[in-house]
Each structure stands twice: as C-alpha cells, then as structure tokens.
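Engineer:
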Amino acid sequence: MTEISPPKGRGALARREARLAWGLLFPTITIVALVVIIPLLAIFWISVKPVQLGDLRPAETRLRVSLRDRGEVAQLEYRVMNPSRTAELHGAGFTDTLPEGVTLTGDLPQGCALSGQTVTCDFGTLAPGYNERFRIDAQITGDPKTAEQAVRDAEPVVRGKADNVLTDSTFTLENFRKLFDSGEFWGVFGVTVFYTVFGTLGALVVGLFAAMLLNKSFKGQGILRGLYLFPYVAPVIAVAFTWITLFDPFSGSANALLVQMGVSQGAINFFGQKPLALIMVTLFEVWRYFPLSFLFILARMQSIDTDMYEAADMDGASPFQKFWYLSLPQLLGILSVLFLLRFIWTFNKFDDIFLLTGGNAGTRTLTVNVYEQAFAISNIGAGAAVAVVVFGCLLIFSAFFFRMISREEGL
Amino acid sequence: MKILHKGWLTGPIIGALWALVMAVTLGVAISFASGEAARPALWGALILGALTGLVTVWRGNRWLTDAVAVVVALALMGVGLGALQFGDGFAMASRVALTIVLAGTVAIPLNTILKGLPFGAANRHEFEEAVIRFLTGFGYLFFTAIVIIPFYVMVMTSMKSQQELMLNPLDFTIDLSKGWHLFDSYYELFERFHFGRYLWTSFYVSVLTVALTLLFSVPGAYAVARLRFRGQKVFSRGILLIYMVPMIVLALPIYIAYSMVGLRNSILGIVLIYPVTTIPVALYMLQGYFRGLPVEVEEAGLMDGLSRLKVIWKITLPLALPALASVGLYVFMIAWNEFLLAFMLLDDPNKFTLTRGIASLNSSEIPRQHLMAGAVIATVPIMAIFLGLERFMTRGLTAGAVKG
Chain A
36 MTEISPPKGR GALARREARL AWGLLFPTIT IVALVVIIPL LAIFWISVKP
86 VQLGDLRPAE TRLRVSLRDR GEVAQLEYRV MNPSRTAELH GAGFTDTLPE
136 GVTLTGDLPQ GCALSGQTVT CDFGTLAPGY NERFRIDAQI TGDPKTAEQA
186 VRDAEPVVRG KADNVLTDST FTLENFRKLF DSGEFWGVFG VTVFYTVFGT
236 LGALVVGLFA AMLLNKSFKG QGILRGLYLF PYVAPVIAVA FTWITLFDPF
286 SGSANALLVQ MGVSQGAINF FGQKPLALIM VTLFEVWRYF PLSFLFILAR
336 MQSIDTDMYE AADMDGASPF QKFWYLSLPQ LLGILSVLFL LRFIWTFNKF
386 DDIFLLTGGN AGTRTLTVNV YEQAFAISNI GAGAAVAVVV FGCLLIFSAF
436 FFRMISREEG L
Chain B
493 MKILHKGWLT GPIIGALWAL VMAVTLGVAI SFASGEAARP ALWGALILGA
543 LTGLVTVWRG NRWLTDAVAV VVALALMGVG LGALQFGDGF AMASRVALTI
593 VLAGTVAIPL NTILKGLPFG AANRHEFEEA VIRFLTGFGY LFFTAIVIIP
643 FYVMVMTSMK SQQELMLNPL DFTIDLSKGW HLFDSYYELF ERFHFGRYLW
693 TSFYVSVLTV ALTLLFSVPG AYAVARLRFR GQKVFSRGIL LIYMVPMIVL
743 ALPIYIAYSM VGLRNSILGI VLIYPVTTIP VALYMLQGYF RGLPVEVEEA
793 GLMDGLSRLK VIWKITLPLA LPALASVGLY VFMIAWNEFL LAFMLLDDPN
843 KFTLTRGIAS LNSSEIPRQH LMAGAVIATV PIMAIFLGLE RFMTRGLTAG
893 AVKG
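Chains A and B, in that order, are what the protein sequence lines are.
Letter 224 of the first sequence, counting from 1, is numbered 259 in the working numbering, and no numbers are missing.
Letter 383 of the second sequence, counting from 1, is numbered 875 in the working numbering, and no numbers are missing.
Encoded structure:
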C-alpha cells in the first residue's frame with residue numbers, strides 16, 4: 036500500500052522564487068559588501084598594523100636629471116634619492132632615453148648600461164636617506180641650451196618602492212597596547228557612557244513629555260508638530276554652529292542674557308570648561324533628538340484604544356492614575372525599543388561633538404577618538420584600534436537589541 | 493500629597509509658579525526682541541502669582557482675577573518689587589504697559605488652569621487636572637522657546653555686522669533702514685565664497701543619491717519582504733545590523749582606499765559613497781512597507797499571467813508610490829545634511845558640498861555672521877521641502893528614523 040504524503044523537498048516553483056530573490060538581491064548585496072563588509076575587515080587588518088598617515092603613499096625612488104655645460108666638457112648628472120628616512124627601497128633603478136645630439140663619453144656608474152641612446156641603471160636596494168649624484172661626461176652637438184632643455188624634459192622611467200606597510204607582513208599589537216595603557220582610554224570611555232546614557236534618557240523623557248502635549252487634537256496641532264521636528268530636520272552643521280554662536284563666551288547672547296538677569300556674574304565658557312562642556316553636548320544631543328522619540332511615542336499613543344480610558348473614567352481613575360496604570364504600560368514596548376536604538380546611535384555619534392567642541396574640554400568620546408588618533412595624531416593604526424573597540428561595543432548592544440526586538444516585533 | 497489637595501493652597505502655589513514662568517518668558521522675549529534689559533524678579537513674580545491664584549480659587553470670577561492681577565502688578569512695580577525689573581532704556585509708559593501685559597499673561601491663563609478648583613478641600617481629580625493644565629501650558633512655552641530661539645538667533649545674526657554683534661549680543665533688532673545691505677553676508681557668500689556652486693553641488697549630489705538608492709533598494713527590499721528563500725530572516729536582521737554600523741568606523745578605511753585610488757577630492761567619489769550609506773536605511777523602510785501591501789493583489793496579477801517582475805513594475809510600485817516618496821525625501825535629507833564624509837574626503841574648494849563649504853567658514857578670520865548666513869542657506873531648502881511635504885516626511889521619519 037502506498038502512503039500518501041505531501042511532497043518532500045522544494046519544488047520547482049519554490050526554487051524559481053528563490054532564484055529570483057537572489058537575482059534581485061544580488062546588486063544590493065554586492066554594493067553593500069563592497070562598502071561595508073570590506074571596510075570592516077580592513078579596519079581589523081589596519082588595527083594590527085603600524086600605519087601612519089604618511090604611509091598611505093609609500094616612498095618611491097626620486098630621480099633628477101640635468102645636463103650642464105661646464106666649460107669644455109658637458110656633464111650629465113643623475114641624482115638618485117630615497118626620500119624616506121626609515122624605509123629601504125627595493126629594486127631601485129631607472130631607464131632614461133637621451134635626446135638626439137647628446138652622446139655620453141665618460142664612464143658609466145656601476146650597475147648602468149648604455150644601449151644606443153638608452154641608459155638603464157639598477158641599484159638594487161637603496162638605504163634610507165640615500166642621496167647620490169652620478170656625473171657622466173657627455174658631448175653636445177648643436178645648441179647646448181636646447182639639449183639641456185631636452186634632457187630635462189625627457190621622462191625617465193623610475194623603479195623602486197618601499198614596502199607598503201598596509202600590505203606587508205609586519206603585524207603589531209602596539210596599537211591596542213598603547214590604547215589601553217595610556218590611561219586616557221577609560222576617561223574617554225567614561226565620557227562616552229555619560230553622553231550616551233544621559234543623551235538617550237534625556238531625549239526619551241523630553242520626547243515623552245512633548246508627545247503627551249500633542250496627543251490631543253486642537254487647532255495648530257499640526258503646526259506645532261512640524262515646528263518641534265525642526266531641530267532634527269535641520270543640517271547638524273547649521274544647528275551646531277548656531278549653538279556655538281549662541282553660547283559664545285564673548286559675543287554670545289546666552290551669556291549676555293544670564294548676566295543681565297543676574298544669574299551669573301561674568302561670561303561662562305559653555306563649551307570650554309571641563310564638566311560643563313560635556314553637559315552642554317549632552318543637552319545638545321537631547322535637543323536635537325527629542326523630536327524623534329516624540330514622533331515615535333506620539334504614533335504609538337494615537338493607536339492606543341480609547342475604550343480603555345473610557346472604562347477607567349467609569350471606574351473613577353484620576354488623570355495621573357490613567358497615565359501611570361494605562362498609558363505607560365502600553366508605551367513600555369516602544370520606549371524600550373527606542374531606548375536601545377537611540378542608545379546605539381548616540382554611542383556611534385560623531386558629528387555633533389566634533390563640531391561643537393572638537394573633543395576638547397573633556398568631551399572626547401570613542402568615536403571622536405577614532406578621528407583624533409587617525410588624523411590629528413596621524414596614527415591610522417591607533418585610530419583603527421579604537422574603531423575596532425567601537426565595533427565590538429556595537430556587537431554587544433545589537434545582541435541585546437535583537438533579543439529585545441524579537442519580543443517587541445511590530446516597531 | 494494629600495496636604496496639597498486644598499484649593500486655597502494649590503491655587504497660590506500654581507499661580508506663583510506660573511507667574512515665575514511668565515516673568516522669565518516675557519523677560520527673555522523682551523531682551524531678545526529689543527536688546528534692552530528686562531530682568532525677571534523672583535519675589536515679585538511669586539507674590540503676584542500667589543495673590544492672583546488665591547483670588548482665582550476664591551471667587552472664580554474672570555474680571556475680578558484680571559483686575560486684581562493688574563492692580564497687584566502695578567503696586568509691586570510702584571514699591572520697586574515688580575516681577576519685571578526694567579533697565580534704563582524703558583520709558584515710564586512702556587514700563588506700565590509691559591507690566592499690564594505681564595499681569596494679563598499671568599491672570600488670563602490662570603483662569604483656565606485653576607478652573608473647577610474649589611477654595612476648600614479638592615478631590616484628586618480637581619487637583620490633578622489643575623496640575624496637568626499648568627504643566628501643559630508650561631510645556632508649550634518651553635518647547636516652542638527651545639526650538640525657536642536657536643533658529644531666531646541664526647537668522648538674525650546673519651543680518652548683523654561685526655560691530656553690532658560685539659556691541660550688544662542681545663540686540664537682535666533689525667535696522668530696516670539698511671535695506672538690501674541687511675543681506676550683505678549672503679551676497680558675499682555667493683559672490684566670494686562660491687556658495688551658489690556649493691548649493692548646486694549639494695543639490696545634484698543629493699538627487700543622484702536618491703535615484704541610486706531607490707534603484708538598488710527597491711528590488712532588494714521586495715525580495716526580502718515578499719519572496720521565500722533560505723536566509724530571508726538573516727537578511728532582515730542583517731539589514732538592521734548594517735544600518736547600525738557607525739559611519740566613523742567605515743570612514744577610515746574608505747578614506748584610505750580613496751587616497752590610494754585617487755577618488756578623494758572628486759564628486760564621483762562622493763556620489764559613489766553616499767548611496768551606500770543610505771541603502772540600508774531605504775531597504776529597512778521599504779521592506780516594512782512592502783510587507784504591509786496586500787498579497788492578494790499581486791497574486792491576482794500572477795494568476796492573470798504577469799511575470800514576477802511585471803507584477804513588481806505594474807502593481808507593487810504604483811501602490812508603493814507614497815512610500816517611495818517618503819523614502820526618497822528621507823534619503824534626500826540625509827544626503828543634504830551629510831557632513832562627515834564630505835569633510836574627510838573633500839579638500840578642494842571647487843568641489844565642496846554645502847555642508848563642507850560651511851565647515852570651511854569656521855575660522856577666526858571669517859566673521860560670525862557669514863557662518864550664520866551659511867547655516868541659513870543650508871537650512872532653508874531642507875525646511876522648505878519639509879514644510880511643503882510634511883505628510884510624507886513625517887511618515888518617512890517614523891518608518892526609518894531610528895537612525896540619527
């Protein structure tokens with residue numbers, strides 16, 4: 036007796052659908068891999084390399100050719116240099132074609148050969164700082180000035196490069212060791228945590244307050260909602276510079292206002308003093324991102340069933356009770372998702388602090404430190420090491436996040 | 493809290509707090525509008541508010557409250573305890589007028605805030621409703637102030653001259669007699685600093701970014717949202733994960749790669765890199781939207797003999813047009829506001845985008861008002877788009893704006 040059972044495995048239709056899916060995804064995957072995955076791997080690679088900003092262009096052999104008419108004998112001069120003070124150049128040499136009318140009469144330096152009008156030299160390895168002139172007697176037929184110009188204009192082929200630190204096989208843990216040893220790291224980490232925790236919480240609480248204000252229909256509600264989104268929509272560079280102007284210690288309106296109102300005696304350097312600067316950048320973060328949490332929370336609030344509130348009214352619940360026992364539990368899901376997402380994003384934030392203080396006055400977060408190390412101190416390797424740490428933190432946070440979001444699907 | 497549930501106690505407390513809020517608001521507003529000194533005084537405000545609040549809960553008569561507030565405010569001013577202390581720049585008439593305005597802004601809202609609050613013992617509802625109405629009023633003022641003040645300062649500073657700024661940083665009055673010279677900073681930016689070119693560069697870079705982003709993300713999002721294949725879940729998650737990778741981590745290797753390939757300082761390099769930063773966002777937003785479309789419509793199309801690609805082209809995309817508009821606008825906003833990559837990759841003033849151009853104005857040799865004029869130039873277009881298409885923009889923000 037044959038048993039009847041559903042078909043096993045995937046049918047032709049399912050396979051075709053999967054093929055189409057991969058076809059549609061292919062361009063996207065390729066481009067994202069190219070610009071996200073590869074740089075991420077590159078960051079790990081660079082972080083274990085002793086790379087400086089200057090190493091991005093490896094040293095090359097430098098050659099200067101000149102022809103001088105010294106009295107009776109003309110001399111052709113090749114000046115060969117290794118511009119690097121630290122790296123050896125391998126396979127150094129050049130090939131130069133002499134113009135018509137110039138014939139070499141003197142001895143060629145070692146390693147050089149002349150065939151017809153072509154001089155080929157090979158010097159092998161050049162030591163760091165190598166700088167040598169080779170003079171060869173020559174004979175000029177015709178106008179010496181033209182010949183000199185022609186020699187200068189000839190474009191010799193120069194060979195010889197230093198090893199590129201990025202691709203050779205020297206590895207070092209120096210970047211990480213320095214990072215964790217410097218004592219600076221934990222300070223930077225503490226600042227990052229303060230900025231992230233208070234920036235996120237502040238934006239959430241302020242956003243919740245704003246959402247409660249606008250969670251009723253009245254004339255002008257739309258206008259106010261649009262207005263409250265301004266800080267988020269405006270370019271960060273515009274609002275950051277506005278804050279700097281507003282809080283400038285010499286010509287800032289905020290200082291003038293505080294002095295006039297008798298709150299402070301003299302000018303306060305808001306973005307230049309140690310604890311205050313960090314508080315200010317955190318406030319900026321709250322100011323700029325409360326619109327986001329406000330928008331999300333408002334959307335959630337408006338989808339809460341009103342029947343529940345009517346029932347609560349019947350039972351005689353007071354407004355605070357309704358908020359505490361009805362609204363808040365309903366909002367808890369969106370609040371926690373928002374918290375985690377904003378936490379990750381605030382942790383990753385770079386532009387705001389970079390523009391407001393440049394990481395000075397105790398506001399240097401991990402992301403600003405990546406830039407500082409890589410470009411201000413020109414130590415790309417150290418910058419990459421910080422970036423690896425940032426990425427590691429991100430992985431931990433997102434593990435939390437995905438556990439959370441699987442419970443709170445529906446964002 | 494039970495102790496507070498008495499009208500004769502709650503009324504004056506809320507009144508005092510409200511008067512304080514109003515005195516500060518009015519003081520700041522007068523200072524910003526005229527540049528003259530108007531200082532809120534703590535005790536004056538508290539006394540004025542407490543008395544007005546007490547009268548409001550005692551009788552609950554609108555006219556009586558208003559009259560008492562005006563009389564108290566003027567009397568306090570007379571004995572030098574006024575809730576607003578004026579500088580020398582104010583004439584007697586304007587002092588009296590401003591004091592009456594203050595009394596009005598204290599009394600009229602208080603009538604509403606304390607409505608229904610009895611003089612004696614109040615129950616929980618009456619008490620909490622009064623507190624909530626007070627907080628609501630305060631909230632509107634607070635949010636409107638913190639949003640408007642920076643933008644006000646930005647616009648006004650851009651129309652001032654260097655001396656005016658140093659002389660009185662609070663004076664934001666506009667000297668209309670200067671006529672077109674008010675816009676000197678803007679003229680200079682467009683004339684000497686090539687802001688016209690930056691504006692154009694920013695514009696076409698943003699438009700290209702939107703086009704490329706949609707081109708790549710629509711098929712990808714559709715596949716993830718609709719088609720069944722192994723690894724679909726992993727993809728959904730992966731998109732979100734990539735979306736969270738900090739830009740600064742990617743910017744470093746991109747900088748190195750661009751230095752080696754020679755793509756730094758080229759618009760091409762920027763146009764290549766911007767869409768990649770926005771594709772994950774767009775994928776995330778679009779897949780959510782595609783999931784929400786009814787499957788039945790597409791299945792009907794399939795049954796009628798359309799191929800899958802034709803279904804996407806003829807059914808799904810037209811249905812998703814509003815979503816495409818939202819995503820496009822959001823991506824446009826990201827590209828327009830982008831600063832980090834432009835800052836790192838562009839050094840040649842001929843190829844600056846607008847944000848990079850503004851960053852180059854931030855030096856001690858260039859006056860402040862130029863910087864603010866630059867900020868206005870960058871803000872106005874995006875605001876105009878935002879206000880004009882707020883419906884799409886808000887939806888775009890809610891769908892994808894978990895990102896900063």
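All residues carry an ideal CB built from backbone N, CA and C; glycine is no exception.
#1: Might you give, ordered along the chain, the residues of its own chain that have their beta carbon closer than 8 Å to the beta carbon of Arg92 (chain A), omitting 5 neighbours on each side?
#2: Report yes or no: do the stretch 412 to 428 of chain A and the stretch 742 to 750 of chain B share at least 3 C-beta pairs separated by less than 8 Å?
#3: Ala529 (chain B) and Gly596 (chain B): beta carbons closer than 9 Å?
#4: Could you check whether the Cβ of Tyr35 (chain A) sits closer than 9 Å to any Cβ belonging to chain B?
#5: Give, in chain order, every unbroken run of the alpha helix (DSSP H) that is at least 4 residues long and sits entirely within the stretch 330 to 405 of chain A.
#6: Inspect the beta-carbon positions of Arg377 (chain A) and Thr235 (chain A) and report whether they are closer than 9 Å.
#7: So which residues on chain A does Ile624 (chain B) lean against when the C-beta distance must stay under 7 Å?
#8: Roughly how many whole angstroms lie between the Cα atoms of Val894 (chain B) and Pro711 (chain B)?
#9: With DSSP as the reference, please indicate the residues paired to Pro310 (chain A) in a beta bridge.
#10: Just to confirm, is the Cβ distance from Gly629 (chain B) to Ile605 (chain B) under 9 Å?
#11: Along chain B, which residues have their Cβ under 8 Å away from the Cβ of Ser286 (chain A)?
#12: Does DSSP put Gly896 (chain B) in a helix, in a strand, or in coil?
#13: Report yes or no: is there a C-beta of chain A within less than 9 Å of the C-beta of Gly631 (chain B)?
#14: Could you name the residues of the stretch 702 to 717 of chain B whose beta carbon sits closer than 8 Å to any beta carbon of chain A, in the order they occur along the chain?
#15: Hey, is Pro772 (chain B)'s beta-carbon within less than 9 Å of any beta-carbon in chain A?
#16: Under a CB-based cut-off of 9 Å, is Gln295 (chain A) close to chain B?
#17: Shorter than 9 Å from the beta carbon of Trp359 (chain A) to some beta carbon of chain B?
#18: Taking C-alpha atoms, which residue in A:Gln145, A:Phe61, A:Ala289 lies nearest to Gln300 (chain A)?
#19: I'd like the list of long-range same chain contacts for Val702 (chain B), defined as Cβ closer than 6 Å, with 5 residues on each side in sequence excluded.
#20: Considering only the alpha carbon of each residue, which of B:Ser526, B:Val560, B:Ala521 lies closest to Gly507 (chain B)?
#21: Could you spell out where the beta strand (DSSP E) holding Val193 (chain A) opens and where it closes?
#22: So, using beta-carbon positions, are Phe524 (chain B) and Leu292 (chain A) closer together than 9 Å?
#23: Given that a residue counts as buried once 16 or more other Cβ atoms are within 10 Å of its Cβ, and exposed if not, what is Ala589 (chain B)?
#24: Can you list the alpha helix (DSSP H) stretches of 4 or more residues lying completely in the stretch 685 to 726 of chain B, in chain order?
#25: Between Gly418 (chain A) and chain B, is there a C-beta pair that is closer than 9 Å?
#26: Beta-carbon within less than 8 Å of Ser728 (chain B)'s beta-carbon, same chain only, minus the 5 sequence neighbours each way: which residues are those?
#27: Excluding sequence positions up to five away, which residues of its chain have a Cβ less than 6 Å from the Cβ of Gly177 (chain A)?
#28: Taking the beta carbon of Ile862 (chain B) as the centre, do at least 16 other beta carbons fall within 10 Å, making it buried, or is it exposed?
#29: Evaluate Leu534 (chain B) with the Cβ neighbour count: other Cβ atoms within 10 Å of its Cβ, from every protein chain shown; 16 or more gives buried, anything less gives exposed.
#30: Are the CB atoms of Ala47 (chain A) and His125 (chain A) nearer to each other than 9 Å?
#31: Starting from the Cα of Gly128 (chain A), find the closest Cα among A:Tyr165, A:Phe211, A:Gly141 and give me that residue.
#32: If you draw a straight line from the alpha carbon of Ala122 (chain A) to that of Thr96 (chain A), how long is it in whole angstroms?
#33: Would Ala851 (chain B) pass as an interface residue toward chain A - the criterion being a Cβ-Cβ separation below 9 Å?
#34: Counting only the same chain and skipping the five closest in sequence on each side, list residues whose C-beta sits under 8 Å from that of Tyr406 (chain A).
#35: Residues of chain B with CB closer than 7 Å to the CB of Asn383 (chain A), please, in chain order.
#36: Please determine, among B:Gly574, B:Ile624, B:Phe835, the residue with the shortest C-alpha to C-alpha distance to Arg756 (chain B).
Structural biologist: According to the structure data:
#1: Here residue 92 (chain A) is taken as the residue at index 57 of the first sequence, counted from 1. Answer for Arg92 (chain A): no residue qualifies.
#2: yes
#3: Counted from its first residue, the second sequence places residue 529 (chain B) at position 37. Counted from its first residue, the second sequence places residue 596 (chain B) at position 104. The answer is no: Cβ separation not under 9 Å.
#4: Here chain A comprises residues numbered 36 to 446, so residue 35 (chain A) is not present and cannot be evaluated.
#5: 341 to 349, 354 to 357, 363 to 382, 386 to 391
#6: The residue given as residue 377 (chain A) occupies position 342 in the first sequence. The residue given as residue 235 (chain A) occupies position 200 in the first sequence. It is a contact, given that the beta carbons lie within the stated cut-off.
#7: Reading the second sequence from its first residue, position 132 is the one you call residue 624 (chain B). Under the 7 Å cutoff, chain A gives Pro354.
#8: Along the second sequence, read from residue 1 onward, the residue named residue 894 (chain B) stands at position 402. Along the second sequence, read from residue 1 onward, the residue named residue 711 (chain B) stands at position 219. Reliability fails at Val894 (chain B), whose pLDDT of 47 lies under 50, so the model's placement of it is uncertain and no value is given.
#9: Translated into the one-based positions of the first sequence, residue 310 (chain A) becomes position 275. According to DSSP, Pro310 (chain A) bridges with nothing at all.
#10: Your numbering for residue 629 (chain B) matches position 137 in the second sequence. Your numbering for residue 605 (chain B) matches position 113 in the second sequence. Cβ distance < 9 Å, so Gly629 (chain B) and Ile605 (chain B) count as in contact.
#11: Counting from 1 along the first sequence, the entry for residue 286 (chain A) is found at position 251. Per Cβ cutoff of 8 Å: Leu657, Met658, Pro661, Arg860.
#12: Counting from one through the second sequence, the residue named residue 896 (chain B) turns up at place 404. With a pLDDT of 41 at Gly896 (chain B), under the threshold of 50, the modelled position of that residue is not reliable, and no figure is offered here.
#13: Here residue 631 (chain B) refers to the residue found at position 139 of the second sequence. So yes, Gly631 (chain B) belongs to the interface.
#14: Phe708, Ser709, Pro711, Gly712, Tyr714, Ala715, Val716
#15: As a first step, residue 772 (chain B) must be located in the second sequence, where it is residue number 280. Yes, its Cβ sits closer than 9 Å to a Cβ of chain A.
#16: To locate residue 295 (chain A), count along the first sequence from 1; it is residue 260. Gln295 (chain A) counts as touching chain B.
#17: By one-based count along the first sequence, residue 359 (chain A) stands at place 324. It does not; no Cβ of chain B falls within 9 Å.
#18: Counted from its first residue, the first sequence places residue 300 (chain A) at position 265. The shortest C-alpha separation from Gln300 (chain A) is found at A:Ala289.
#19: Against the second sequence, residue 702 (chain B) aligns to sequence position 210. Around Val702 (chain B): Gly820, Val823, Phe824.
#20: Residue mapping note: residue 507 (chain B) aligns to position 15 of the second sequence, counting from 1. Checking every option, the nearest Cα to that of Gly507 (chain B) belongs to B:Val560.
#21: Position 158 of the first sequence holds residue 193 (chain A). Here the beta strand (DSSP E) through Val193 (chain A) covers 192 to 197.
#22: Counted from its first residue, the second sequence places residue 524 (chain B) at position 32. Counted from its first residue, the first sequence places residue 292 (chain A) at position 257. In contact: Phe524 (chain B) and Leu292 (chain A) (Cβ atoms closer than 9 Å).
#23: As a first step, residue 589 (chain B) is located in the second sequence; it is residue number 97 there, counting from the start. Its Cβ having fewer than 16 others within 10 Å, Ala589 (chain B) is exposed.
#24: 687 to 718
#25: Locating residue 418 (chain A) in the first sequence gives position 383, counting from the first residue. Chain B, which has a Cβ nearer than 9 Å to the Cβ of Gly418 (chain A), makes this yes.
#26: Mapped onto the second sequence, residue 728 (chain B) falls at position 236. Cβ neighbours of Ser728 (chain B) beyond the five flanking positions: Val716, Gln779.
#27: Counting from one through the first sequence, the residue named residue 177 (chain A) turns up at place 142. Excluding sequence neighbours, Gly177 (chain A) sits near Gly136.
#28: As a first step, residue 862 (chain B) is located in the second sequence; it is residue number 370 there, counting from the start. In the sequence as presented, Ile is not what sits at residue 862 (chain B); that position holds His. So His862 (chain B) ends up on the buried side.
#29: For this step, residue 534 (chain B) is matched to residue 42 along the second sequence. The residue is exposed, with fewer than 16 neighbouring Cβ atoms inside 10 Å.
#30: Numbered from 1 along the first sequence, position 12 holds the residue referred to as residue 47 (chain A). Numbered from 1 along the first sequence, position 90 holds the residue referred to as residue 125 (chain A). It is not a contact, given that the beta carbons lie outside the stated cut-off.
#31: One-based indexing of the first sequence puts residue 128 (chain A) at position 93. It is A:Tyr165 whose Cα lies nearest to the Cα of Gly128 (chain A).
#32: Taking the first sequence and counting its residues from 1, the one referred to as residue 122 (chain A) is at position 87. Taking the first sequence and counting its residues from 1, the one referred to as residue 96 (chain A) is at position 61. Distance between the alpha carbons of Ala122 (chain A) and Thr96 (chain A) is about 11 Å.
#33: Translated into the one-based positions of the second sequence, residue 851 (chain B) becomes position 359. Judged by the 9 Å Cβ criterion, Ala851 (chain B) is in contact with chain A.
#34: Residue numbering aside, residue 406 (chain A) sits at position 371 when the first sequence is read from its first letter. Closer than 8 Å at Cβ, skipping near neighbours: Phe385, Phe389, Gly394, Gly418.
#35: In the first sequence, counting from the first residue as 1, residue 383 (chain A) sits at position 348. By Cβ distance, chain B contributes Pro738.
#36: On the second sequence, residue 756 (chain B) is found 264 positions in, with the first residue counted as 1. The residue with the shortest Cα to Cα distance from Arg756 (chain B) is B:Phe835.
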